[in-house]
Structure formats: structure tokens, C-alpha cells
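Student: To start, I am sharing the structure in question, which I have written as C-alpha cells.
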Amino acid sequence: MARRIGTVSGIALRPGVSRNGRLYTKEMVAEAVERAQGRLGDLDALPLVDRRPLDQRTHHASDDDSTRVIGRLTSLSLESDGSARFTADLADTAHARTIAALIAPKGDGPDEVEPFLKGVSIRGAWVGKPRRVQHEGQDVETADGVVIDGLDYTARPGVHGAEIDGYTPATPASAPGESEPERVLIYESV
395 MARRIGTVSG IALRPGVSRN GRLYTKEMVA EAVERAQGRL GDLDALPLVD
445 RRPLDQRTHH ASDDDSTRVI GRLTSLSLES DGSARFTADL ADTAHARTIA
495 ALIAPKGDGP DEVEPFLKGV SIRGAWVGKP RRVQHEGQDV ETADGVVIDG
545 LDYTARPGVH GAEIDGYTPA TPASAPGESE PERVLIYESV
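Quick note on the numbering used here: the sequence shown kicks off at 395 and runs consecutively.
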């Protein structure tokens, strides 16, 4: 069974225009969250084309390098402002431990240092044909919707506010017998 080294949470996507000039409306984000929630449950119950977990990778350029898959989304929900909030588990891999070291605050109290990495970025696809529209005086790209396939780490998120706001390390598993009282064997054979 795979081990988890920690849980990450934050905002995956916010409505508005990204730094890449892409418009995500509140309705689009809400539909993306609803669509993704179906992929967070029992994958066997889904059509074959949708049976892919919503994974996390070290960065977008990792492409199909399996060693760069470092975790998976465990929940996606809609905030009152229309943002998509995520929770994800990090796997026990070398690359995930590196990411965990970068996103975890260091120290306690006044000695605490801010995380070195906070940005995340969705990996996905437009629903329907992309088109150019005018939005608040800007020429932007949008479509009928967006599908989220995963969430990757980045130093420069394209969506304002797409960032980690929590990291909780997993509790280390106790050694066998450590949490149980010592067993005293008895036999009842005659």
C-alpha cells in the first residue's frame, strides 16, 4: 500500500483573467469542480475515458515522466467567492519529499520561515472550441468550460491566488507493537 507523507491544501483556480490571458468565469469554475468531484470517487464506476486520478506532478514540463507524479487530489470544493479549493495527498517519493520541504513552513513561533514555494497551477483542457472575447477592456481567451486533470507546483502561478495555504505532515507510522502493550503468549492445549 502506498504511503502518504503529508496533506496539502489551498486554492487551485479562481474566477477571473489569468496572467496568461485566459478567462475563467464563476460558472466555469463551478462546473469544473463538479466534473472533478466525479473523478475523485470510485474510478471504476466512471466511463473508461475518465478513469484517471487527478494527480499532482512536480511541474508542468514533467509531461508523462511517472517519477514526477508526486501525489493526487483528494477533494475539490467550491468556495463562496467561486474559487476551487483543493486538498491533496503527497506520496512517499523522493520528488514529493523535495516538494514537501519547499512548501512546509520551517521553525516555530518567531523563528518560522515562510514556505519557499506556494504556487500551484491547474493542468487541464478547454471544453469546446477556445475563442477570443472582450472582457473588461481586455482581449482574452475562453471557452464553454474547463476540465481539470491535475494540479502541479510552480513558482509563478498563472492564476492570481492559486496557492497553497496549508501543509500537514503525516504522522509517522509507529513501529510494530509500539502502540500496543507487550503480548504475553498463553496456550490452552492439554
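Don't be surprised by glycine CBs; every beta carbon is placed ideally from N, CA and C. Computed from a prediction, not measured in an experiment: that's the story for all the values here.
How about L496 and A424: do their beta carbons lie closer than 9 Å?
Tutor: Locating residue 496 in the sequence shown gives position 102, counting from the first residue. Locating residue 424 in the sequence shown gives position 30, counting from the first residue. Not a contact, by the Cβ cut-off of 9 Å.
Student: Considering only residues of the same chain and omitting the five flanking positions on each side of T419, which have a CB-CB separation below 7 Å?
Tutor: Along the sequence shown, read from residue 1 onward, the residue named residue 419 stands at position 25. Only P409 meet the Cβ criterion.
Student: Tell whether a beta-carbon distance below 9 Å holds between L467 and L434.
Tutor: Position 73 of the sequence shown, counting from 1, holds the residue named residue 467. Position 40 of the sequence shown, counting from 1, holds the residue named residue 434. Yes, these two residues count as a Cβ contact at 9 Å.
Student: Would you grab the beta carbon distance between A426 and V540 for me? Rounded to a whole angstrom, and I think it's under 8 Å.
Tutor: Here the question's residue 426 lines up with position 32 in the sequence shown. Here the question's residue 540 lines up with position 146 in the sequence shown. The Cβ separation is near 5 Å, so the contact holds.
Student: Quick check: the Cα distance between E508 and T562, rounded to an integer number of angstroms?
Tutor: Reading the sequence shown from its first residue, position 114 is the one you call residue 508. Reading the sequence shown from its first residue, position 168 is the one you call residue 562. Their Cα atoms are separated by approximately 15 Å.
Student: Counting pairs of Cβ atoms below 8 Å between the region 447-461 and the region 540-556, do you hit three or more?
Tutor: Because the criterion of three Cβ pairs below 8 Å is met, the region 447-461 and the region 540-556 touch.
Student: Straight-line CA distance for P566 to R398?
Tutor: On the sequence shown, position 172 is the one that residue 566 refers to. On the sequence shown, position 4 is the one that residue 398 refers to. Near 10 Å, if we compare the C-alpha coordinates of R398 and P566.
Student: Between G404 and I558, which are expected to be in contact by the criterion C-beta below 8 Å, what is the C-beta distance as a whole number of angstroms?
Tutor: Your numbering for residue 404 matches position 10 in the sequence shown. Your numbering for residue 558 matches position 164 in the sequence shown. Sure, about 4 Å apart at Cβ, within 8 Å.
Student: Taking the continuous beta strand (DSSP E) assigned at H529, which residues delimit it?
Tutor: Start at 1 with the first residue of the sequence shown, and residue 529 comes out as number 135. First-last of the beta strand (DSSP E) with H529: R525 to H529.
Student: Which of the three DSSP states is assigned to E425 in this structure?
Tutor: Your numbering for residue 425 matches position 31 in the sequence shown. Here E425 sits in helix by DSSP.
Student: What three-state label does DSSP hand S515 in the structure shown?
Tutor: Within the sequence shown, the letter at position 121 stands for residue 515. It is a strand residue.
Student: When we look at the beta-carbon of T461 and count the other beta-carbons within 10 Å, is it buried (16 or more) or exposed?
Tutor: On the sequence shown, position 67 is the one that residue 461 refers to. Burial call: exposed.
Student: Secondary structure at P563, three-state DSSP: helix, strand or coil?
Tutor: By one-based count along the sequence shown, residue 563 stands at place 169. If DSSP states are grouped into helix, strand and coil, P563 belongs with the strands.
Student: What residues in its chain sit with their C-beta under 7 Å from that of G400, if we drop five residues either side in the sequence?
Tutor: Working through the sequence shown from its first residue, we reach residue 400 at position 6. Hits under 7 Å: L484, A494, Y561, T562, P563 and A564.
Student: Is it right to say V514 is buried, meaning 16 or more other beta carbons lie within 10 angstroms of its own, or is it exposed?
Tutor: Within the sequence shown, numbered from 1, the residue matching residue 514 stands at position 120. Looking at its Cβ environment, which holds 16 or more other Cβ atoms inside 10 Å, V514 is buried.
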